[in-house]
Amino acid sequence: LNDVIIQQKALESSYSRWRRGQEIGEILTIDDALSLLGDDKNQLFPIFRLPNQTNINSATLCTVHINFLTLELTVYQSNPKEKNQTTLIYNLAELWS
432 LNDVIIQQKA LESSYSRWRR GQEIGEILTI DDALSLLGDD KNQLFPIFRL
482 PNQTNINSAT LCTVHINFLT LELTVYQSNP KEKNQTTLIY NLAELWS
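FYI, in our numbering the residues of the sequence shown are 432 to 528.
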């Protein structure tokens with residue numbers, strides 16, 4: 432596979448978001464994860480993206496949290512680090528009943 436897989440240079444945006452994740456550190460709670468996914472500190476390459484004047488084609492459409500213990504799927508249409516901003520909550524158990 433070494434001859435088949437060609438290592439490509441990471442996109443600057445991907446690298447910037449990875450580096451920001453490293454700065455934030457270990458994720459221990461759901462709130463930690465939502466805070467990371469909603470991070471917008473890096474104005475050029477935020478993790479949570481809104482269309483802007485320089486890049487109108489790049490935006491976070493939604494963020495999803497799946498709780499496998501309660502079988503709930505929560506969809507955040509706006510920034511998930513903003514508390515109480517859920518858009519939809521689905522009971523996944525109802526899909527299999």
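Note that beta-carbon positions come from the ideal geometry of N, C-alpha and C, so glycine has one too.
Bridge-paired residues (DSSP) for residue i
i: Y507; result: T494, T517
i: N488; result: According to DSSP, which records beta bridges pairwise, N488 is partnered with nothing at all.
i: N522; result: E503
Closest by C-alpha distance to residue i, when choosing among the options
i: L519; options: E503, S447, F499, F476; result: E503
i: Y507; options: I455, L500, Y521; result: Y521
i: A464; options: Q484, L481, H496, S489; result: H496
i: N473; options: T460, N515, E443; result: E443
Beta-carbon gap between residue i and residue j smaller than 8 Å
i: T491; j: F476; result: no
Residue i, buried or exposed, once every other Cβ within 10 Å from all chains shown has been counted against 16
i: D462; result: exposed
i: T501; result: exposed
i: P511; result: buried
i: G469; result: buried
i: R450; result: exposed
i: T517; result: exposed
i: I494; result: The sequence as given places Thr at residue 494; Ile does not occur at that position. It counts as buried.
is_contact[residue i, chain B] using C-beta, thresh 8 Å
i: N522; result: Checking the listed chains, one finds no chain B in this structure; it contains a single protein chain.
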